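Chains as they are written, first to last, in the numbering used here: chain A, 7 to 312; chain B, 194 to 454.
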């Protein structure tokens, strides 16, 4: 394995008595996309803020490109691009001006900035919007401009905090395509997300965070194999709970959420046979996915925004 | 290490692109801004200077309009710097999250606070220049020493920007700034010898007035506007410097606390 481009060792952070990041370690290899998934308040955003030197860890260390953070955060940031959870585009500037002004924050020479602007507008699929202000852009366009802006310094590492939250499916797919494109250019990405399909599609490795602690780590497929049965049968309808009691023995594990019962099993045929004659319920048979993993590891209870 | 809240300001040339950013935004809105900068003092000077002045007569040997104009130039400078460091800086800091996006680039909070302070002072000089044009055009004063007042007004801008950034750092919303205006700035304009001489006030109020930054500003600027040299440099400059340095340091500490929690 090569030397990681970014590493966090035994990171620890608390606000008052509340431990938000608890003994977190991770490493990102060059060209790798590492996903961090976890419920609201799991410590994802705080971790990113510590990586950017915006809040100090209480213990542990962070290193980007071999530079310790926060001590050499300014040097490190020259090679990092950031997309935050909420758009912070400059509303008074056009798309092109947003890129130009942001390039100046990196102290880049004018010629380099001017050469990159049309390329980044193209990358963001915003060539036609170069002279339009962000207020007139759709949510997806704004996110793509935020991503384009994060690339103005041609970074080696991207920190993306929920980059597709709030986007419609078309806009998310376009965003994913762009991120895959960046991975092909062997950029490294640290991505936090709530979307399991996003994590599965983009991430080489995943880290599941809950209450500031790492509770699982591995490739998306590997995690599912390690923690879950291969198949899931979802049963809906008034009779679902009765069905669950009746066929409990056919599944390794059963979970109930509202009126839906989830059967987790490695051998689905007996249950499917039993259900095929039962008209009191509807059911769906599918392979286990990351969402199942996530719910298994972090539970089904609602987490309010921290 | 992350900077300690109480560390001395860490200044680097990285503040410059932030000043430039604000200047570029201002340039887009420059026309209404300049029109306002000229119209407001023009109306005040004509209405109060000539209108009220015809009743008041002369103050300290000056026609009232001259007395008023030479004092209100300092007020306009202070107000312009204050507005920029309260409402506009708060928009950038809190509402638009502009500061956060800047800090994701290799620019530190210390650079941003310094840039905001400097920019507010620079912007106050745009207002001052507009008023000087009005004073010149109306013939209220055509003294060349007026130009010497510009660098001093730059210091006045720095002072009031620094004080305002303290309140910016503490603010939860725009409403908070009303306190500063009604409880601090408005009373100060009445106590600083802008509209009437400080000697008209009771002794204890004169003592208060003597340590106000706006009084110091008026003492320095008024003589220069009417073509004289200030009677004293050291004391008013020391008062301004104390507020500027004290305000700036306090603003920086409070802003660090706000961000680096």
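Every residue gets a Cβ at the ideal spot worked out from N, C-alpha and C, and that includes glycine.
All figures in this text were calculated on a predicted structure; none of them were measured in a lab.
Counting the other Cβ atoms within 10 Å of the Cβ of residue 253 of chain B gives fewer than 16, which makes it exposed.
Per the C-alpha coordinates, the member of B:411, B:350 and B:284 positioned closest to residue 362 of chain B is B:284.
Around the C-beta of residue 292 of chain B, 16 or more other C-beta atoms lie within 10 Å, and the residue is accordingly described as buried.
For residue 232 of chain A, the secondary structure class from DSSP, reduced to helix, strand or coil, is helix.
Nearest to residue 275 of chain B by alpha-carbon distance, out of B:385, B:264, B:378 and B:204, is B:378.
Along the stretch 110–136 of chain A, the positions whose C-beta sits under 8 angstroms from a C-beta of chain B are 110, 111, 112 and 113, read in chain order. Contact annotation for residue 94 of chain A against chain B: 289, 290, 291, 293 and 294 [CB-CB distance below 8 angstroms, chain order].
Assignment of beta strand (DSSP E) within the stretch 135–223 of chain A, counting only whole runs of 3 or more residues, yields 163–167, 194–199 and 211–216 in chain order. Residues of the stretch 66–85 of chain A with a C-beta less than 9 angstroms from any C-beta of chain B: 76, 77, 79, 80, 81, 82, 83 and 84, listed in chain order. Per DSSP, residue 233 of chain B is not a residue of any beta strand (DSSP E); the alpha helix (DSSP H) it occupies stretches across 223–237.
Of the other Cβ atoms in all chains shown, fewer than 16 fall within 10 Å of the Cβ of residue 197 of chain B; this residue is therefore exposed.
For residue 24 of chain A, the enclosing beta strand (DSSP E) covers residues 24–34. With a threshold of 16 other beta carbon atoms within 10 Å, residue 159 of chain A meets it and is buried. Here residue 82 of chain A is near residue 70 of chain A, since their CB atoms are less than 8 angstroms apart. In the DSSP assignment, residue 253 of chain A falls within the alpha helix (DSSP H) that extends over 246–253. Comparing C-alpha distances from residue 258 of chain B to each of B:447, B:227, B:433 and B:419 shows the shortest one belongs to B:419. Not a single CB atom of chain B sits nearer than 8 angstroms to the CB of residue 138 of chain A. If you compare the alpha carbons of A:34, A:80, A:8 and A:246 with that of residue 301 of chain B, the shortest gap goes to A:80.
Contacts with chain A (Cβ-Cβ distance below 8 angstroms) from the stretch 300–319 of chain B involve 300 and 301, listed in chain order.
Not a single CB atom of chain B sits nearer than 8 angstroms to the CB of residue 27 of chain A. Contact between residue 208 of chain B and residue 308 of chain B holds: their C-beta atoms lie close to 4 angstroms from each other, under 8 angstroms. The beta carbons of residue 235 of chain A and residue 258 of chain A sit closer together than 8 angstroms. Each of A:285, A:245, A:287 and A:230 was checked against the Cα of residue 271 of chain A, and the nearest Cα belongs to A:230.
Residue contact with chain B for residue 258 of chain A: absent (no Cβ-Cβ distance below 8 angstroms to any residue of chain B). Nearest in C-alpha terms to residue 187 of chain A, of all of A:248, A:39, A:292 and A:152, is A:39. Uninterrupted beta strand (DSSP E) stretches at least 3 residues long and entirely within the stretch 336–392 of chain B do not occur. For residue 452 of chain B, the neighbours in chain A by C-beta distance under 9 angstroms run, in chain order, 60 and 61. The stretch 214–225 of chain A makes contact with the stretch 13–33 of chain A: 3 or more CB pairs, one atom from each, lie closer than 8 angstroms. Excluding its 5 nearest sequence neighbours in each direction, residue 302 of chain A has C-beta neighbours in its own chain below 7 angstroms: 233 and 234, listed in chain order. Under the Cβ distance rule, residue 297 of chain B counts among the residues neighbouring chain A, one pair being separated by less than 8 angstroms. By the rule that beta-carbons nearer than 8 angstroms mark a contact, residue 221 of chain B touches chain A.
For residue 293 of chain A, the enclosing beta strand (DSSP E) begins and ends at 288–293.
At a cut-off of 8 angstroms between C-beta atoms, residue 415 of chain B does not count as an interface residue with respect to chain A.
When beta bridges are read from the DSSP output, residue 408 of chain B appears opposite no residue.
Taking the Cα of residue 276 of chain A as reference, the smallest distance to any Cα among A:225, A:288 and A:254 is reached at A:254. In this structure residue 136 of chain A is in contact with residue 102 of chain A, their Cβ atoms being roughly 4 angstroms apart against a cut-off of 8 angstroms.
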